[in-house]
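Just so we're aligned, residue 76 is where the sequence shown starts under the working numbering, counting upward by one.
Ideal Cβ placement from N, Cα and C applies to all residues, glycine included.
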Amino acid sequence: MKTIHTKAKHTEWLSAEDMHDASRLWLSELQFFKEEQLFLEDLIKSYTLNLIDNNHFEESKTIIDKLSVVVKNTQVLLNAVNSHEKGLAIMVDGIDQLEEEAAYRKEHRNLIELIGEFKKRYQKIKKKLFSLIKLVMKESKQKRLLK
């Protein structure tokens, strides 16, 4: 997954509770995205014949391929955030482990960037998919009206 690296240094001041809250929010959002992706897959199945006709085949294939990558990335991010959340203990154990704590903060900063970029890409793909489905639905409706 390609990311744009920003120099987000604000994680230096995040408390363990703030990082925990962010992780819980990410988990919730990613779980929602998984459910939403199931809906999108069902939507695609419902309009398969319309999507594979000559007028829309290439665009449909591109969008569906991108969606399948997003589905895989969603699971990868879910696993990463779950692992990150479990590692939070290093921040709250009361033992000064400066290197490990710095590594945890760096990992958190990376997750902020990864998830932010993921959400932007996912929104673009959904927008393209909905536009295509909307077009296909209109065309289908017009064909039925002409008959």
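Among the options, nearest to residue i - alpha-carbon criterion
i    : options                : result
I139 : L113, Q150, L163       : L113
E192 : W101, H159, K203, L220 : W101
R99  : Y122, S158, A177       : S158
K216 : E111, F107, Y122       : Y122
S103 : L221, K203, N154       : N154
E160 : H183, K120, A177       : H183
Own chain, CB closer than 7 Å to residue i, minus 5 neighbours either side, in chain order
i    : result
E134 : L207
L118 : I208
As assigned by DSSP and simplified to three states, the class of residue i
i    : result
L163 : coil
G191 : helix
S103 : helix
Q198 : helix
L89  : coil
H95  : helix
N130 : coil
Y179 : helix
Q217 : helix
Contact check, residue i vs residue j, beta carbons under 7 Å
i    : j    : result
M166 : A91  : yes
I200 : K136 : no
L152 : L105 : yes
N130 : V211 : no
K109 : T149 : yes
Y197 : V145 : yes
Contact set for residue i: own chain, Cβ-Cβ below 8 Å, skip 5 residues either direction
i    : result
L163 : A91, M94, H95, S98, Y179
Beta-carbon proximity list for residue i, same chain, < 6 Å, skipping 5 on both sides
i    : result
E175 : I165
K225 : Because the chain is modelled from 76 through 222, residue 225 falls outside the range shown and cannot be assessed.
I190 : W101
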